[in-house]
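2 protein chains.
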Amino acid sequence: MGKFNLKDLKFDKNGLIPAIIQDYKTGAVLMVAYMNRESLRRTLRLKKTCFWSRSRKEYWIKGLTSGHFQFVKAIYYDCDMDALLVKVRQVGAACHTGNRSCFYRKISGTVLKSKRELSPKRDTSPNRSRTVPS
Amino acid sequence: MGKFNLKDLKFDKNGLIPAIIQDYKTGAVLMVAYMNRESLRRTLRLKKTCFWSRSRKEYWIKGLTSGHFQFVKAIYYDCDMDALLVKVRQVGAACHTGNRSCFYRKISGTVLKSKRELSPKRDTSPNRSRTVPS
């Protein structure tokens, strides 16, 4: 593999890479946000998460106004080099709703029981039987 | 919030939503992959993860050839409704490299110490001092 270089990461056509934010102690997944190369550099420099806001089109240091900083403990990248896992010490809540994690709502097991959600195309989808390795 | 409906999820312009796969017991983040509405329906129906392969442009039931299935224990969606967290029982390795998790490599803390990685634009970036809520 050789020495890691930020240039080796695969940013998408908008220059972004998804960053999964995980509580370094509990393992809870707190949120997902996007970084560009410069926000990753800032994250590494500040040791606090800095994202690129796709909607506001600006850098966003998490917690700068709310106080809910994410202090970076470690950053991992995946086998395809197109996703990041950032382990943090989260101050307060990660979610703007006040919930500790943004993933505070669960899809019920009954969601498919309604006629509306049962796909009428389930047996006619062109790729239904196609499979790929691993 | 009312009853959850798959139609309420925000898929991107390619019809995809990122799905973070997490070991339901250890909390380890195993991988990130993408689902479209139909692969999410299949995941819910099969109780095994089914993704949409962006490179191969086909459905992809994880483990169908490797045996490394991911049995779904719970699915959460985030506050913005544009990301999924899938808690699974992972059979074997999640990563095609044989590693349990795709996030098996860590960015060293020294990555910014080389002159090459220290951004020369750090003080001239137009958005450097801009901040946003939370």
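Chains as they are written, first to last, in our numbering: chain A, 1 to 134; chain B, 1001 to 1134.
Ideal Cβ placement from N, Cα and C applies to all residues, glycine included.
| query | result |
| --- | --- |
| Out of curiosity, what's the CA-to-CA distance linking Cys1102 of chain B and Asn1014 of chain B? | 24 Å |
| Closer than 8 Å, Cβ to any Cβ of chain A: which residues of the segment 1013-1032 of chain B, in chain order? | Pro1018, Ile1020, Gln1022, Thr1026, Gly1027, Ala1028, Val1029, Met1031 and Val1032 |
| Quick check: the Cα distance between Val1091 of chain B and Leu16 of chain A, rounded to an integer number of angstroms? | 31 Å |
| Taking CB distances under 8 Å as the criterion, tell me whether Arg105 of chain A reaches chain B. | yes |
| Who are the near neighbours of Trp1060 of chain B in its chain, counting only those whose CB is closer than 6 Å to its CB and skipping five residues on each side? | Phe1051 and Ser1053 |
| Is Val32 of chain A near Asp1078 of chain B, with beta carbons less than 8 Å apart? | yes |
| Quick check on the burial criterion: 16 or more other C-beta atoms within 10 angstroms. Buried or exposed for Asn36 of chain A? | buried |
| With a threshold of 8 Å between beta-carbons, can Asp1008 of chain B be considered close to chain A, or not? | no |
| Please tell me whether Lys73 of chain A and Tyr24 of chain A are closer than 8 Å, where the distance is taken between their beta carbons. | yes |
| Establish whether the CB of Thr1049 of chain B and some CB of chain A are separated by less than 8 Å. | no |
| Verify whether the separation of the beta carbon atoms of Ile1020 of chain B and Ala1083 of chain B is less than 8 Å. | yes |
| For Leu1085 of chain B and chain A, any beta-carbon pair shorter than 8 Å? | yes |
| Using 8 Å as the threshold, is the C-beta distance between Tyr76 of chain A and Leu64 of chain A below it? | no |
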